[in-house]
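A.B. asks:
Numbering (the working numbering), first residue to last: 1023 to 1130.
(1) Do you know how far the Cα of residue 1107 is from the Cα of residue 1113?
(2) With DSSP run on the structure shown, which of helix, strand or coil describes residue 1129?
(3) Buried or exposed for residue 1046, going by 16 or more other Cβ atoms inside 10 Å?
(4) In terms of alpha-carbon separation, which member of 1082, 1126 and 1120 lies closest to residue 1053?
(5) Are the beta-carbon atoms of residue 1049 and residue 1122 separated by less than 9 Å?
(6) Could you tell me which of 1073, 1061 and 1060 sits nearest to residue 1118, measuring between CA atoms?
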């Protein structure tokens, strides 16, 4: 939650603070607008990967280390989930997140 959001809430311009999921959805929508993936069937796995990468330190660590076998024991994002994401997007999504999304707003 940023200062602008607090001010807007104070002056009644917004009726509630956005939930973490609402913020994630907005960020994913921006990503889709910027990158325009061709395969509509890939959107759901990409969104799950996008959200997991942002919110789960373990997922980020596995991706950074490129130690994908660790997804076999990860309870939140599995090997099956990872393989459902098209190959090109497995690199693009983490790079986009690093470049454009402040992760601290999604940490508890």
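In this text, a Cβ means the ideal position worked out from N, Cα and C, and glycines have one as well.
Keep in mind it's a predicted model, so treat the numbers as computed, not measured.
C.D. replies: This is what the structure holds:
(1) Residue mapping note: residue 1113 aligns to position 91 of the chain shown, counting from 1. Residue mapping note: residue 1107 aligns to position 85 of the chain shown, counting from 1. Answer to the nearest angstrom: the Cα atoms are 10 Å apart.
(2) In the chain shown, the residue the question calls residue 1129 occupies position 107. DSSP places residue 1129 in coil when its eight states are reduced to three.
(3) Along the chain shown, read from residue 1 onward, the residue named residue 1046 stands at position 24. Under this definition residue 1046 is a buried residue.
(4) If you number the chain shown from 1, residue 1053 lands on position 31. Minimum Cα distance to residue 1053 is reached at 1120.
(5) Within the chain shown, numbered from 1, the residue matching residue 1049 stands at position 27. Within the chain shown, numbered from 1, the residue matching residue 1122 stands at position 100. It is a contact, given that the beta carbons lie within the stated cut-off.
(6) Here residue 1118 refers to the residue found at position 96 of the chain shown. Nearest option by C-alpha distance: 1073.
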